Amino acid sequence: MDARRESEPKHPTTVERKSERELVVTRMFNAPARLVFEAWTKPELFQRWWVPKSMGMTLQSFEADIRTGGTYRLTFAPDVAFFGKYLEVTPHSRLVWTNEESDAGAVTTVTFEEKAGKTLLTLHELYPSKEALEQNAGAEEGLPEQFEQLDELLGTLGARVA
Amino acid sequence: MVQYSRARLDASFAALSDTTRRGVLEQLGRGDASITDLAAKFRMTLTGMKKHVGVLERAGLVATEKVGRVRTCKLGRDGLEEEAAWIERYRQLWDGRFDELDKVVEDLKRKEKTDGCKKRE
């Protein structure tokens, strides 16, 4: 049964821009909500998937106190970090957190809806403005490029000093 | 696979359904122009051209900026193509994450199964 399930084509990830300030991402998972929720709320599990190899970078550390009112901090480099606060942590159904690394950060809401042993995950990002959304959505994805640029810059500076 | 806001698409298609407005976009593709320039080029009144530019602006296809008395028009930063490319990059970021999340979830499922068997022993 499991072998057959694993050979099924993977579930698509869809993105919809709901409004000028909102993005909604959805994806189905072949597991009950409690397991998908566990992968989001146990730091040691979360770290295994949040920064996939395809992003071309590694996470230095992830510290999080995952409960309502708790805080988190994702560090990519000494001075590159994403951080914020959990506004709501409701087991197996809902996670809400803030992104406070800039004024343009979104409030992210993730819901887990279980149906017949599968879980529909919906991630909703609400930005403070249209511009904030357009400049910041997927900010982490742009990091490898930023690092490359930084490397280049440091290289130039180094060459100049030499 | 990628879905867009329906209101956004409706506005874009409505804007593109008019010959003059398509002409204005073509013209702006060659360089920025003031509403007065555009009105003269398309032999229209200033008011008529303002209306067309307003429709294009609301659809995000044209951006305008007023400097002094002159309102300059240029192609909008949020052209459909640009938005499509940007949203697709954002989708790929999540798709990459979720593929890895699938693996973690599968591990948890397997673990739960073995633990369950152990308990029964």
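Heads up: the sequence lines are chains D and C, in that order.
Last residue of the first sequence: number 864 in my numbering, and the count goes up by one each step with no gaps.
Last residue of the second sequence: number 1288 in my numbering, and the count goes up by one each step with no gaps.
Backbone N, C-alpha and C fix where the C-beta goes; we use that ideal spot for every residue, glycine too.
Model, not experiment: these values are computed from the prediction.
Ranked by Cα distance from residue 812 (chain D), the options D:719, D:737, D:824 are led by D:824. The beta carbons of residue 1272 (chain C) and residue 839 (chain D) sit about 25 Å from each other, so the pair does not count as a contact at 8 Å.
A Cβ-Cβ distance of about 12 Å is found for the pair residue 1222 (chain C) and residue 1240 (chain C), leaving them out of contact under the 8 Å criterion. In the DSSP assignment, residue 1238 (chain C) forms a beta bridge with C:1233.
Distance from the Cα of residue 1214 (chain C) is smallest, within the candidate group C:1195, C:1202, C:1193, for C:1202. For residue 811 (chain D), the enclosing beta strand (DSSP E) covers residues 809-817.
The shortest C-alpha to C-alpha distance from residue 744 (chain D) to any of D:832, D:728, D:774, D:759 is the one to D:774.
Within its own chain, the residues whose Cβ lies closer than 7 Å to the Cβ of residue 718 (chain D), once the five positions on either side in sequence are excluded, are 726, listed in chain order. Taking C-beta separations shorter than 8 Å and ignoring five residues to either side along the sequence, the partners of residue 1230 (chain C) in its chain run 1224, 1240, 1241, 1242, 1243, 1244, following chain order. Listed along chain D are 754, 756, 757, each with a C-beta nearer than 7 Å to that of residue 1263 (chain C). DSSP, read as helix, strand or coil, puts residue 821 (chain D) in strand. At a cut-off of 9 Å, the C-beta of residue 725 (chain D) has a neighbouring C-beta in chain C. The continuous stretches of beta strand (DSSP E) do not include residue 1191 (chain C), which lies in the alpha helix (DSSP H) extending over residues 1186-1197. Its Cα nearest to that of residue 762 (chain D), the residue D:752 stands out among D:752, D:769, D:771.
Taken through DSSP and simplified to helix, strand or coil, residue 829 (chain D) comes out as coil. Here DSSP, grouped into helix, strand and coil, assigns residue 1218 (chain C) to helix. Per DSSP, residue 1208 (chain C) is one residue of the alpha helix (DSSP H) stretching across 1202-1208. Residue 1237 (chain C) has its alpha-carbon roughly 25 Å from the corresponding atom of residue 1185 (chain C). In terms of beta-carbon proximity, residue 1254 (chain C) lines the interface with chain D, with at least one pair separated by less than 9 Å. Distance between residue 1180 (chain C) and residue 712 (chain D), taken at the CA atoms: about 33 Å. Looking at the backbone, the Cα of residue 1206 (chain C) and that of residue 723 (chain D) are separated by about 34 Å. Here residue 801 (chain D) has 784, 786, 807, 808, 810 as same chain residues with Cβ atoms under 7 Å from its own Cβ, once five neighbours each way along the sequence are excluded. Considering only C:1280, C:1282, C:1264, C:1284, the residue with the shortest C-alpha distance to residue 747 (chain D) is C:1264.
When beta bridges are read from the DSSP output, residue 743 (chain D) appears opposite no residue. Residue 737 (chain D) is not a Cβ neighbour of residue 1260 (chain C), given a cutoff of 9 Å. By the neighbour-count criterion, in which 16 or more other beta carbons inside 10 Å mark a residue as buried, residue 1210 (chain C) falls on the exposed side.
Residue 1270 (chain C) has a beta carbon lying within less than 9 Å of a beta carbon in chain D.
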